[in-house]
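There are 6 protein chains.
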Amino acid sequence: MFHHVKELQFNARVSRPDPRFATLLLEQFGGANGELKAAMQYFVQAFSARQPYPDKYDLLMDIATEEFSHLEIVGATITMLLTGVNGELKDAAEQSDLMRLLKGKSEREQLIEEAATGPQFLVLSGGGPAVTNSQGVPWSGSYVNANGELSVDLRSDIAAEARAKIVYEYLMQFTDDPFVKESLAFLMTREVAHMQMFTAALESIKPNFPPGVLQGDPRYTHTYFNMSNGRSSRGPWNQGQGPWGPGESWEFIADPVQEVMQTQGNTQLPIKGTNQKPEEVARFNKQQSQLRSQEVNQAIAKQQNPWSFSGKP
Amino acid sequence: MFHHVKELQFNARVSRPDPRFATLLLEQFGGANGELKAAMQYFVQAFSARQPYPDKYDLLMDIATEEFSHLEIVGATITMLLTGVNGELKDAAEQSDLMRLLKGKSEREQLIEEAATGPQFLVLSGGGPAVTNSQGVPWSGSYVNANGELSVDLRSDIAAEARAKIVYEYLMQFTDDPFVKESLAFLMTREVAHMQMFTAALESIKPNFPPGVLQGDPRYTHTYFNMSNGRSSRGPWNQGQGPWGPGESWEFIADPVQEVMQTQGNTQLPIKGTNQKPEEVARFNKQQSQLRSQEVNQAIAKQQNPWSFSGKP
Amino acid sequence: MFHHVKELQFNARVSRPDPRFATLLLEQFGGANGELKAAMQYFVQAFSARQPYPDKYDLLMDIATEEFSHLEIVGATITMLLTGVNGELKDAAEQSDLMRLLKGKSEREQLIEEAATGPQFLVLSGGGPAVTNSQGVPWSGSYVNANGELSVDLRSDIAAEARAKIVYEYLMQFTDDPFVKESLAFLMTREVAHMQMFTAALESIKPNFPPGVLQGDPRYTHTYFNMSNGRSSRGPWNQGQGPWGPGESWEFIADPVQEVMQTQGNTQLPIKGTNQKPEEVARFNKQQSQLRSQEVNQAIAKQQNPWSFSGKP
Amino acid sequence: MFHHVKELQFNARVSRPDPRFATLLLEQFGGANGELKAAMQYFVQAFSARQPYPDKYDLLMDIATEEFSHLEIVGATITMLLTGVNGELKDAAEQSDLMRLLKGKSEREQLIEEAATGPQFLVLSGGGPAVTNSQGVPWSGSYVNANGELSVDLRSDIAAEARAKIVYEYLMQFTDDPFVKESLAFLMTREVAHMQMFTAALESIKPNFPPGVLQGDPRYTHTYFNMSNGRSSRGPWNQGQGPWGPGESWEFIADPVQEVMQTQGNTQLPIKGTNQKPEEVARFNKQQSQLRSQEVNQAIAKQQNPWSFSGKP
Amino acid sequence: MFHHVKELQFNARVSRPDPRFATLLLEQFGGANGELKAAMQYFVQAFSARQPYPDKYDLLMDIATEEFSHLEIVGATITMLLTGVNGELKDAAEQSDLMRLLKGKSEREQLIEEAATGPQFLVLSGGGPAVTNSQGVPWSGSYVNANGELSVDLRSDIAAEARAKIVYEYLMQFTDDPFVKESLAFLMTREVAHMQMFTAALESIKPNFPPGVLQGDPRYTHTYFNMSNGRSSRGPWNQGQGPWGPGESWEFIADPVQEVMQTQGNTQLPIKGTNQKPEEVARFNKQQSQLRSQEVNQAIAKQQNPWSFSGKP
Amino acid sequence: MFHHVKELQFNARVSRPDPRFATLLLEQFGGANGELKAAMQYFVQAFSARQPYPDKYDLLMDIATEEFSHLEIVGATITMLLTGVNGELKDAAEQSDLMRLLKGKSEREQLIEEAATGPQFLVLSGGGPAVTNSQGVPWSGSYVNANGELSVDLRSDIAAEARAKIVYEYLMQFTDDPFVKESLAFLMTREVAHMQMFTAALESIKPNFPPGVLQGDPRYTHTYFNMSNGRSSRGPWNQGQGPWGPGESWEFIADPVQEVMQTQGNTQLPIKGTNQKPEEVARFNKQQSQLRSQEVNQAIAKQQNPWSFSGKP
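Residue numbers (our numbering), protein chains in the order written: chain A, 1 to 313; chain B, 1 to 313; chain C, 1 to 313; chain D, 1 to 313; chain E, 1 to 313; chain F, 1 to 313.
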């Protein structure tokens, strides 16, 4: 269960209202890489982890809870940046005043006019945050990646944190309010710290590559298909010994169209670049399957499975 | 900020896996009337209320936090109802086994086959919940209604709780697992309790009708347009003294098409059914506007507006 | 079936084009609280009501039809506010002219430039309305709440009208065109009138609380969980005799975390604040279930169920 | 404004409940090619047409109104196909009954079980239609195509009717209820009739090709780029005199990659297959622009533009 | 399979950055009528056509591939129009610079400030295109119309090209960059050419009306329902011999409400306007069904159905 | 530009129709982790990379093109798995036949009945693929992550490939068709190979952590907030020297609520666990900003920026 503490995790402040930046900041409230996405992603991933991997469960729930706390910081900042909007809207009989503002006679009006980039603040939310991104697109459950496999989920989390980090980095360039910058720096830094945590957690799983259980088919793991014309750039991703070390190497297929014709649509492709044998892969897959499914199955009581109490009725 | 307590708010248990009911139950996890919607709705509404109406803020955040805790109960229940799916999927090299299950030779297989109504559990979430409704439609930020006006927001909340209540009532008819029913009864009852709380909070605001600040135009407040042919049902919603009491009454326009022609598109409609005068309404609107906007504006410091600490660096 | 009358229900007019306000006004055309949502919500609810509750069916269809008529008023107003856009776009070979407008040399150009907040008018709809909200988000079927239970549906309708009312109230502050204001006042007032009608209809259903059929579990109906730290606001929603009257009262759980631990996750919570007994609730539920299901079942012929004619082929 | 007639436009009936077919039929209620899409598409298109092209306005509004009437037929049929669901759900205390049904002991239960393909009927809509397609995806405003140009809009309408027709044709193969088939045949036939009407309306506009105002650039109007390898199919779409008649012809570019290299990315492509000169095109464009923009501009009074009444207050 | 050629199909260039036009141009990248929609629509339609109609398959894949190439042109143009944004964002420690730009001290800043209409370029995509329309609404798979029936699909394609054409026509009026105009003219012209191709392909199918297999019911094919009041516009779509030629004609139902009452909801409507007999229609439907299903079934090997190679392992 | 080769990149085959597996397989056609998502993600990322990082551009476009080729393989497989559906639907007058199938008298019918889990194949796509996931949810442009920063984008790509891999791994457990398994193994393996390529590309960027330009604030980079009660799991992600090596370490905040109170909302938090100084970070940020923005700015000609040709008209 959750408990709410009325203080924010970071002492968020603003120097002055700035409806336009509030609009941009929505990206981290209800956007695809924002705090709600992060919070929900780790929260949802935690359910599958709870019984088989209680240490990862703890990590995921700690960070999920921190992200909910960050969501609150972002929402509070947006609300403070919109100070004045709600009060003006309540003065409903005196539209002339707001109209004047919108026509730009005074400095204060400009603040409100700028909000025009986010019309939902004016005609919908009444000066509070909305569960949308900076362009008004509603947050979607499809932002959440949770696949019931930690070697996949933690990679999704590392990438999610990287995206959240760059969005904060971009956002910081559109405000010069030192208080807002301070909050953004805190939030951005926490994404960096979380990346380190998720990376360490991923590394503590052995093996973690390829993610999931099954190995790749050795005919296709070392092949690079050069799918475009002209000068082909070469680099450690398509030449040399690749990630495998001595004795193995990338196979660069210069003309994949011709190759497809000659190998009956890649079904006749010989194994190249590696000495791995299909039988070895099959054996490894079998062994790994057993190991991993036991790990999960044994951790979970099949009957009267209680989540948090002893389960005795 | 939020704090997480590893125990669930309710001791959720299941008697046995039931992937099909897990699918239906998703409606309350990521559906339009589910726990995430409720939690986010009250959480978002709370931002605008925090400074002008701290008592309502406290109420909204308490219930929001409880709904996040309910979301966790629902997610935990779904995960328990899917027990076995994740473990089977890890046994990736032994597909023959799962195939047999899918072809129905044993009792156990049936459980997994039934999950076919929720394919995301099998090929996407790996046996955990997904942020979708019972048909796989992703949760949307547009489910959240928050308009920065408590006399509106609390009505949205009463209706939201009513919908959540009925969905639990419907869901209870599709399981006979006594543990699951027990959890659903707890969750359903809490929606009922929240309805009472929101109703009491709405009643503590005076006046609260019409919601917002402005009164209706007296030419159109007492009129019922009979927009369809045939026998017209009459009832307290279109005849008698209505909600206004003695001296006022509903005006039933039997033939609105003819009436529109005769009143130059309702612009020439005389005031009927009420003695309210336009000037009175205008006066009241003005007074109410001033009152309400002051209420908000005075509560909010315009400069260096700190959310939770003293604001002194 | 529907019939269309070429006159609008209200004589909508505009003083001059105003593409920016047209953009805002889209909120009531294709937005979450707009006229299409209202029309479709009551229309869809009406289907389940038709046979068991013909009086409520009539009410719902009358108001649905009125809302479709309001949708037409809003669409007509948007079109009039965009006067000039379509004609300019047809002058396709003379882009220089439109470019000049966009660079602001004349008064007229400003009108079009302002439309930039709603690019769909320029590059998509060609100067007509779009089925989106003010930010271009397409209308969604998920806006419609219809649960096949009038005590729920009418509450959804009251809340929907409250939201529509406040959006009109907000919108009125962003135009000073007296004709547009007049139409908005008509539309806003009708939402107020509909609220009264739906409230009266809800009150004519006995009992209507809790919505649906089942009572709450008396262990959890009177309990308030204080889910946050610090000073707890108290009010009629968590102290005193609540809505129940003498002899009953709110139970305020000051520390719900501790309480969850002590009551085995609320499963051991004693009944407090009420004298209701579980057996009474069960008895009432049974009786009410029978009553309500008969009400519906008897009204609906199971065979050759005709909707509107005698059903004899 | 709209008026509602309580009789359906077609005497829709069902022989017996069939929740599974109700699920499929939702495709025509809230699906991408369904009746709501059609109704809204013609309704929205009508706004731009009203003043410059009152005859097309009348056509569009007549068909829009008929489609709203069809939407009602489809919704009524779905409701009748779900007969029994709502009544059972009201019997909320007697879940055992519904559970038995779900476990398949009797013929009647099968009906309800089949509804499992449409879980929203059971746990959300309570036995009424939902504004979704057959898989529960909410209807979207993006289904509506309305571009403020009749030579485009009417083509969108012809295609929309073609899609609606084929969906009815497919649907008819999944029911053997003669009453339902009869309604589907009526609805399918009306789509065919509407196609004829829209085609006739399109042909009454001269010229109507290309749609809009501007001609194509003659360098690129007659060219077919053969973008794939292997045996190239030839037909009236890439060889012969095409739609232009004697003296003009399709230019088949056998190797577009080489051609792009040789023509500096098609910027140096000579005019082939036609004798049209760029100057002629430019002249025609200018003339047509003037004509079409005048047509629209002159029809619309710029000041105090009333929609349906004389405009004199 | 696809092969990528590094050169664009058209030599797209820009004269100078223009973030505001880049925003509008997104409509053709990720919008409902844009290049991705077109590419995916023809690509998806091609799958069903591949075996029974290889010539149409070839046409659909050629144009799909061309549309993917156009998508690349549009994306490249947007990227060039945003030149400078990415570089500025990398200068992350020097926000003051970007702030100055946003406050408008220099000519260059104006370019970036204008991008405010598309905030995703600034805080999300970092100066590249996004898979959204001009208002930030994500591209949706529901834009794609593919119904497995060429006489329907080709009509959808003609309409899709018409819409794409008009959007380019509108877009051309919002830029005066000659290079951008040149690219838009190429792209617009190709839509016109594709319309001709699809029209020719549709005409090569006999019969192609009504689309699909089944004829309409002769009672309802020739009827026009006059669903609105007032002066009824008459034209070739509701009077005269219609598309059928001598001996047949439109039947204009002046008062459809009365007619519905008199014909028992249109079930008793006599055949008028045509001499077609129900038996003839039934016979034709039967014959056509056989023909069309054989056409498809015979083309597709039921066993070991290989897509592109001989199928012998 | 793209070129299409009629052969598939892999010789996809099926042993027999299997509409149910076709439904599941849609997850990789139009699902959030499917081939279209992958193809579009790398394609969109490539635009920003083209000029400053031509080697990464080449890599991204090669893999994007391969993913489009995989999309074709998946679509072809779905179509082959649906063999028979389209042909049956064309036999429109003989519904009785299809009805019999749906009632399960023969083996063949079962195939079609199973498709009921994917009703869009029957009533919408006519036996071809749809641009949706396995539950009918339309593909969304929001699936594409492209942020104009390679150190972020490549991490998004690694995670995307990991998710695609696990979905193939799950899918392989729901078919026992050896031909289908063979294709899935090829596709799954390519995701593994792409992960290696993207990892190598990310490692070739120095520095690549943190992603983007700015360092974290040293006060918050080494801190772990223990946001939940009870037994705290410790691991390399919250204890020990972490990723930094000797002399640095994780700071574990056991009670973050108390800590927030004591540090004035973390604003007074001292630097712990690292010797990094704020000035050093600021200096590094400045230097890195200059470097990175120059890298991009110098690579891009500001005037007459041609994409692929010399740019001389």
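Beta carbons: idealized from backbone N, C-alpha and C, even for Gly.
Cβ-Cβ distances below 7 Å link residue 205/D to 150, 151 in the same chain, with the five nearest sequence neighbours on each side left out; the list follows chain order.
Counting other Cβ atoms within 10 Å of its Cβ, residue 295/A stays below 16 and is therefore classed as exposed.
A Cβ of chain E is located within less than 8 Å of the beta carbon of residue 170/A.
Rounded to the nearest whole angstrom, the CA to CA distance from residue 69/C to residue 8/C is 7 Å. Distance from the CA atom of residue 270/C to the CA atom of residue 197/B, rounded to whole angstroms, is 21 Å. Per DSSP, the continuous alpha helix (DSSP H) segment holding residue 23/A begins and ends at 19-25. Secondary structure at residue 125/C: coil, using DSSP grouped into helix, strand and coil. Taking 8 Å as the cut-off, the beta carbon of residue 75/A is found closer than this to the beta carbon of residue 129/A. Residue nearest to residue 167/D within the set 184/D, 202/D, 176/D, 229/D is 184/D (criterion: CA-CA distance). Using a CB distance cut-off of 8 Å, residue 188/D does not count as an interface residue toward chain C. If you compare the alpha carbons of 81/F, 236/F, 214/F, 158/F with that of residue 91/E, the shortest gap goes to 214/F. Residue 186/C and residue 10/C have their alpha carbons spaced roughly 8 Å apart. In the displayed model, residue 48/A falls within a helix according to three-state DSSP.
Contact annotation for residue 10/D against chain E: 265, 266 [CB-CB distance below 7 Å, chain order]. Under the DSSP assignment, residue 73/B falls outside any beta strand (DSSP E), being part of the alpha helix (DSSP H) whose first and last residues are 54-81. Residue state for residue 3/B is assigned as strand, using DSSP reduced to three classes. Contact annotation: the region 156-172 of chain D touches the region 31-47 of chain D, with at least three C-beta pairs closer than 8 Å.
For residue 308/E, the nearest CB of chain A lies under 8 Å from its own CB, placing it at the interface with that chain. In this structure, the beta-carbon distance from residue 201/B to residue 235/C falls below 8 Å. Within chain E, the residues placing a beta-carbon under 7 Å from that of residue 230/A are 6, ordered along the chain. By the neighbour-count criterion, in which a residue is buried when 16 or more other Cβ atoms sit within 10 angstroms of its Cβ, residue 261/E is exposed. At least one CB of chain A lies nearer than 8 Å to the CB of residue 120/E.
Residue 276/D counts as buried, since no fewer than 16 other beta carbons sit within 10 angstroms of its beta carbon.
Between residue 49/C and residue 57/C, the C-beta gap is smaller than 8 Å, which places the two residues in contact. In the three-state DSSP reduction, residue 220/B falls in the coil class, being neither helix nor strand.
Below the 7 Å Cβ cutoff, chain F contributes 119, 120, 135, 136 as neighbours of residue 135/D, in chain order. For residue 60/E, the closest C-alpha among the options 30/D, 224/D, 199/D, 203/D is that of 224/D. The Cβ-Cβ distance between residue 67/A and residue 38/A falls below 8 Å. In this structure residue 131/D is in contact with residue 30/D, their Cβ atoms being roughly 4 Å apart against a cut-off of 8 Å. The alpha-carbon of residue 124/D is positioned some 39 Å away from that of residue 93/B. Residues of the region 206-233 of chain F whose Cβ lies closer than 7 Å to any Cβ of chain B, in chain order: 227, 228, 229, 230.
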